[in-house]
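These notes concern the structure reproduced below.
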Amino acid sequence: VSTAKEKKHLKRMGARCVAGCVVVAFLWSVASAQLRYSISEETNEGTVVGNLAKDLGLDKSTLKDRKYRIVSSDADPLFYVSQNDGVLYVSRKIDREEVCAQSSTCLLNLKTVLENPLEVHYVGVEVLDINDHSPSFPEEEKRLEIFESVLPGARFQLKPSRDSDSSPFSVQQYKLSHNDHFRLEVRDKGEDGKIPILVLQKSLDREAAVKHSLVLTALDGGKPPKSGNMNIVVNVLDVNDNTPVFSKDVYSVLLSENAPVGTTVIQVNATDLDDGQNGEIYYSFGDSVSNKLFAIFDINPSTGEITVKGVIDYEQKDKYEIEIEASDKGFAPLTTEKSVIIKIVDVNDNAPEIEVTSFSSSIPEDSRPGTTVALISVNDLDSSLNGKVICSIGEDVPFALSPSLQDKMYSLVTKSPLDREKQSQYDLTITAKDAGQPSLSSEKTISVVVSDVNDNSPEFSLSPYTFYVTEGNDPGASVFSVKASDRDENDNAAISYHIVRDGSEDNKVNSFLSINSENGHITALKSFDFETLKTFQFQVVATDSGAPSLSSNVTVNVFILDQNDNAPVILYPLSSNGSAEGVEEIPRNVNAGHLVTKVRAYDADIGYNGWLLFSLQELTDHSLFGLDRYTGQIRTLRSFTETDEAEHKLVILVKDNGNISLSATATVIVKLVEPKEAFAASDVKSAAKVDEDDNVTFYLMITLGSEIPRNVNAGHLVTKVRAYDADIGYNGWLLFSLQEVTDHSLFSLDRYTGQIRTLRSFTETDEAEHKLVILVKDNGNVSLSATATVIVKLMEPKEAFAVSDVKSAAKIDEDDNVTFYLIIILGSVSVLFIISIIVLIAMQCSKSTDYTSKYLQETNYDGTLCHSIQYRSGDKRYMLVGPRMSIGSSCMNGGHIRHIYPFDFLVHKIQNPTTFSE
1 VSTAKEKKHL KRMGARCVAG CVVVAFLWSV ASAQLRYSIS EETNEGTVVG
51 NLAKDLGLDK STLKDRKYRI VSSDADPLFY VSQNDGVLYV SRKIDREEVC
101 AQSSTCLLNL KTVLENPLEV HYVGVEVLDI NDHSPSFPEE EKRLEIFESV
151 LPGARFQLKP SRDSDSSPFS VQQYKLSHND HFRLEVRDKG EDGKIPILVL
201 QKSLDREAAV KHSLVLTALD GGKPPKSGNM NIVVNVLDVN DNTPVFSKDV
251 YSVLLSENAP VGTTVIQVNA TDLDDGQNGE IYYSFGDSVS NKLFAIFDIN
301 PSTGEITVKG VIDYEQKDKY EIEIEASDKG FAPLTTEKSV IIKIVDVNDN
351 APEIEVTSFS SSIPEDSRPG TTVALISVND LDSSLNGKVI CSIGEDVPFA
401 LSPSLQDKMY SLVTKSPLDR EKQSQYDLTI TAKDAGQPSL SSEKTISVVV
451 SDVNDNSPEF SLSPYTFYVT EGNDPGASVF SVKASDRDEN DNAAISYHIV
501 RDGSEDNKVN SFLSINSENG HITALKSFDF ETLKTFQFQV VATDSGAPSL
551 SSNVTVNVFI LDQNDNAPVI LYPLSSNGSA EGVEEIPRNV NAGHLVTKVR
601 AYDADIGYNG WLLFSLQELT DHSLFGLDRY TGQIRTLRSF TETDEAEHKL
651 VILVKDNGNI SLSATATVIV KLVEPKEAFA ASDVKSAAKV DEDDNVTFYL
701 MITLGSEIPR NVNAGHLVTK VRAYDADIGY NGWLLFSLQE VTDHSLFSLD
751 RYTGQIRTLR SFTETDEAEH KLVILVKDNG NVSLSATATV IVKLMEPKEA
801 FAVSDVKSAA KIDEDDNVTF YLIIILGSVS VLFIISIIVL IAMQCSKSTD
851 YTSKYLQETN YDGTLCHSIQ YRSGDKRYML VGPRMSIGSS CMNGGHIRHI
901 YPFDFLVHKI QNPTTFSE
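If you read the sequence shown in the UniProt record's numbering, its first letter stands for residue 1, the second for the next number, and so on.
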């Protein structure tokens with residue numbers, strides 16, 4: 001590409017040439033009528049080439065009319081002539097190399113035409129060359145492959161560079177980059193240009209350099225010259241001229257005997273500087289290697305890894321020397337040899353052997369420590385430390401190995417007492433271990449059986465046994481069983497059972513029990529009655545069949561459970577002949593809701609079996625009377641009228657709540673009397689009530705001094721608190737709890753039944769008196785409650801009986817005094833009765849009064865005997881009414897004292913109700 005300065009210079013030169021050419025052309029045209037102009041290539045569009053009208057002497061004014069033009073077959077001509085002034089212009093840029101290729105002279109001939117008349121003129125335009133092209137090679141990179149064995153002076157012709165410009169702007173010279181192995185020669189072939197030749201001036205060595213990179217530069221004749229480059233890469237081809245070389249001068253290795261097949265012994269390594277197959281190494285054993293070594297060792301031809309092929313035995317040979325060859329894979333292979341020394345290392349490859357020479361397979365469990373069980377010998381075929389053997393046995397067994405005076409002999413002995421019941425057989429593992437590195441060992445297992453000795457007594461599964469038996473059981477049926485086991489075996493574990501019978505008064509019940517000596521099943525020979533016997537205990541002995549035999553005993557505690565086997569007993573009303581009939585007289589003028597009477601009944605059973613419900617079975621007039629099913633209270637439903645009968649019969653059914661309900665009936669005859677007659681009957685009853693209260697207080701004071709024996713067992717029923725709630729449903733469902741107790745470890749309270757039982761037997765350190773405060777509450781939304789206090793006194797059994805006898809004697813003395821006091825009381829009551837009659841008559845005369853309230857029962861006394869328990873102390877029997885408790889217990893509930901009556905007294909009163917005030 002021309003610079004700006006060069007272009008300006010060319011323009012000036014062109015202008016001068018144009019002027020000169022015009023003059024010359026003008027002179028030539030006179031003779032030959034042809035013009036010739038010259039113009040440089042790459043001239044801009046619109047550049048003036050020459051004034052044809054002037055040079056040809058044409059009239060400018062006629063050019064347009066004569067249609068002056070250039071005749072050309074090109075669609076895009078290089079020149080055009082203006083019809084206005086006849087000047088020849090460049091129509092587009094001219095590339096000389098495109099128009100004239102590489103011709104030395106580039107002359108373009110133009111034909112111009114004028115019409116009217118026809119006139120043809122020939123114009124020649126010479127395009128002058130400029131240096132606007134750089135030399136270029138046919139390829140950017142040239143690769144040559146030359147063997148390293150080629151001798152210096154070898155010549156390698158290269159393709160020449162081409163330049164589109166004409167001479168002198170074409171390629172004029174070549175240059176080669178600096179290197180030690182090649183030089184450049186140039187051959188001039190005239191019109192064909194200059195040919196570059198690469199000449200080897202120094203031998204090549206592939207191991208020193210695999211390739212050589214050169215740069216060939218072509219320069220043209222411009223000022224400054226333009227250039228073009230070509231990269232030349234010379235790849236040096238290998239020739240097998242190097243011998244394999246081992247990495248070590250000496251190969252030596254240690255190999256353990258008995259190395260498994262495939263074990264790598266050593267890997268030799270050789271290298272070859274040549275390339276391709278000339279540098280690939282092939283390993284093999286040398287020709288001097290014997291056939292035996294081929295059976296023991298093998299070599300990998302590619303890696304040079306020597307491996308074990310056969311059995312390595314130090315005892316046969318302790319050293320091997322093997323010749324190894326390394327060869328390349330060239331056309332003419334080159335080979336190198338090297339020796340490999342393999343030293344065999346001895347290993348501990350023989351395990352000790354164990355032999356039991358004398359053995360006793362069974363040993364009694366009472367054998368003393370040190371008893372010999374077996375004799376053991378050991379042997380090892382190895383020598384030195386590998387043949388030294390140490391024997392051992394597990395630490396967690398009662399056996400030990402004792403070394404013998406004879407070498408490699410041991411005795412198996414007991415080291416601690418044996419117990420067949422803990423382990424009846426021992427599988428002993430004896431280990432023999434040598435002192436090699438690593439050591440080898442062997443094991444032998446022997447079984448030692450421990451034979452049984454009768455050294456264990458029978459053991460009961462429970463101690464003590466506690467059984468609950470329902471009363472009314474079938475005689476002769478099994479009621480419960482005991483079970484004992486013996487850890488011994490065979491006859492030493494065969495157990496027989498029997499009951500201890502000492503004939504004492506306390507063990508009378510034992511005579512009604514029988515036990516199966518083989519299985520421990522206990523049979524009752526009679527039926528139990530809860531009301532007469534609530535609990536008892538006895539001893540059972542279990543004996544094995546060993547020689548000598550061993551035995552053990554166990555205490556069996558039996559508690560009798562209540563069944564509903566007692567029908568309710570009517571306590572009120574009672575007639576003189578003992579039947580449950582009574583007559584109640586009430587004034588005819590009482591209002592609705594008046595309490596006529598209250599039926600009282602008693603059931604010897606407990607719990608639901610003793611919970612009584614009242615119902616009307618027969619009634620003359622259902623509109624007059626109502627009965628409370630829980631309290632037994634009979635009340636009027638309406639006021640009486642003149643038409644109502646004067647006498648009404650009510651039959652009340654009283655039944656308990658057992659699964660099979662039992663019942664009793666009471667008959668109440670209600671007579672309606674005029675108010676005056678009722679007053680007299682009421683006063684008589686009031687007097688009797690005063691006497692009754694005095695008696696109650698008297699008998700209560702007698703009972704407070706009684707105690708319970710100290711020798712009662714755990715589970716003993718101390719008492720049962722009974723309570724009554726007139727409500728029904730949840731409002732009448734009562735729960736019991738201990739609010740206060742002196743010793744929580746002694747007594748327990750059943751929250752549903754109110755039973756108080758002992759938790760354990762009493763000891764000498766326990767207090768003689770214990771206070772229990774029982775809280776009874778219902779389950780209403782707003783809970784109501786009451787409390788009862790029980791005082792439990794403990795005494796020795798003999799003292800308890802003595803106190804009972806003294807109280808009996810005191811009772812006889814007090815009866816005489818009571819008779820005296822009763823006479824005084826009866827006289828006083830009679831006087832009061834007469835006075836009350838006079839007062840009532842006076843009040844009746846003064847005003848009319850409703851006397852209904854005089855016949856209402858005391859509000860704080862409900863009169864119902866829910867339950868009772870009978871106790872015997874000496875010759876006296878007592879019945880507990882109210883909260884149930886043992887002899888000597890007392891109870892206060894809600895501020896009212898419940899009463900304990902002598903049983904004989906109650907029986908007397910039941911049989912003679914008319915003398916109840918006594």
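Even glycine gets a Cβ: it sits at the ideal position worked out from N, Cα and C. All values reported here derive from a predicted model rather than from experimental measurement.
How far does the beta strand (DSSP E) with residue i in it extend, from its first residue to its last?
{"i": "R600", "result": "R600 to Y602"}
{"i": "I515", "result": "L513 to I515"}
{"i": "E391", "result": "Per the sequence shown, residue 391 should be read as Cys rather than Glu. Here the beta strand (DSSP E) through C391 covers V389 to I393."}
{"i": "I312", "result": "From DSSP, I312 is part of no beta strand (DSSP E); its letter is neither H nor E."}
{"i": "K175", "result": "V171 to L176"}
{"i": "K159", "result": "Neither: K159 is in no beta strand (DSSP E) and is coded neither H nor E."}
{"i": "E355", "result": "E353 to F359"}
{"i": "V757", "result": "The amino acid occupying residue 757 in the given sequence is Arg; Val does not appear at that position. Segment Q755 to T758, the beta strand (DSSP E) holding R757."}
{"i": "G231", "result": "Position check: residue 231 holds Asn in this sequence, whereas Gly was assumed. Element bounds for N231: S227 to L237."}
{"i": "Q425", "result": "Q425 to D434"}
{"i": "G124", "result": "E119 to L128"}
{"i": "P196", "result": "K194 to L200"}
{"i": "R420", "result": "Run containing R420: none; DSSP gives neither H nor E here."}
{"i": "Y465", "result": "Y465 to T470"}
{"i": "R66", "result": "Taken as a continuous stretch (DSSP letters only), R66 belongs to no beta strand (DSSP E), as it is neither H nor E."}
{"i": "E740", "result": "L734 to V741"}
{"i": "Y89", "result": "V87 to V90"}
{"i": "A400", "result": "F399 to P403"}
{"i": "S748", "result": "F747 to L749"}
{"i": "L613", "result": "L612 to L619"}
Could you please give me the residues that DSSP links to residue i through a beta bridge?
{"i": "I324", "result": "F285 and K338"}
{"i": "L627", "result": "I634"}
{"i": "T543", "result": "S496 and S551"}
{"i": "P364", "result": "S451"}
{"i": "H770", "result": "V792"}
{"i": "G582", "result": "V668"}
{"i": "H648", "result": "V670"}
{"i": "Q34", "result": "Y122"}
Just to check my reading of the structure: residue i and residue j have Cβ atoms closer than 8 Å, yes? What is that Cβ distance to the nearest angstrom?
{"i": "R710", "j": "M795", "result": "6 Å"}
{"i": "D778", "j": "L772", "result": "Going by Cβ atoms, the distance from D778 to L772 rounds to 21 Å, so no, they are not a contact pair."}
{"i": "N456", "j": "R487", "result": "5 Å"}
{"i": "P152", "j": "L200", "result": "5 Å"}
{"i": "I560", "j": "L533", "result": "6 Å"}
Are residue i and residue j closer than 8 Å when you measure CB to CB?
{"i": "S38", "j": "L128", "result": "yes"}
{"i": "G370", "j": "D434", "result": "no"}
{"i": "A295", "j": "G310", "result": "yes"}
{"i": "F169", "j": "G222", "result": "yes"}
{"i": "P244", "j": "T271", "result": "yes"}
{"i": "A484", "j": "G520", "result": "yes"}
{"i": "Y410", "j": "P417", "result": "no"}
{"i": "R143", "j": "I197", "result": "no"}
{"i": "S745", "j": "L775", "result": "no"}
{"i": "T372", "j": "V413", "result": "yes"}
{"i": "Q537", "j": "T523", "result": "no"}
{"i": "I195", "j": "R187", "result": "yes"}
What first and last residue would you give for the alpha helix (DSSP H) that runs through residue i?
{"i": "L52", "result": "L52 to L56"}
{"i": "L293", "result": "N291 to I296"}
{"i": "V99", "result": "R96 to C100"}
Does the structure place the segment 570 to 589 close enough to the segment 501 to 517 that three or more beta carbon pairs sit under 8 Å? For the pair of segments examined, the segment 501 to 517 was found not to touch the segment 570 to 589: the number of CB pairs separated by less than 8 Å stays below three.
Does the structure place the segment 201 to 210 close enough to the segment 115 to 122 that three or more beta carbon pairs sit under 8 Å? no
Three or more C-beta pairs under 8 Å: does that hold for the segment 542 to 550 against the segment 491 to 507? yes
With three or more beta-carbon pairs closer than 8 Å as the criterion, would you say the segment 251 to 266 touches the segment 278 to 288? no
Pairs of beta-carbons, one from the segment 346 to 361 and one from the segment 319 to 336, closer than 8 Å: are there three or more? no
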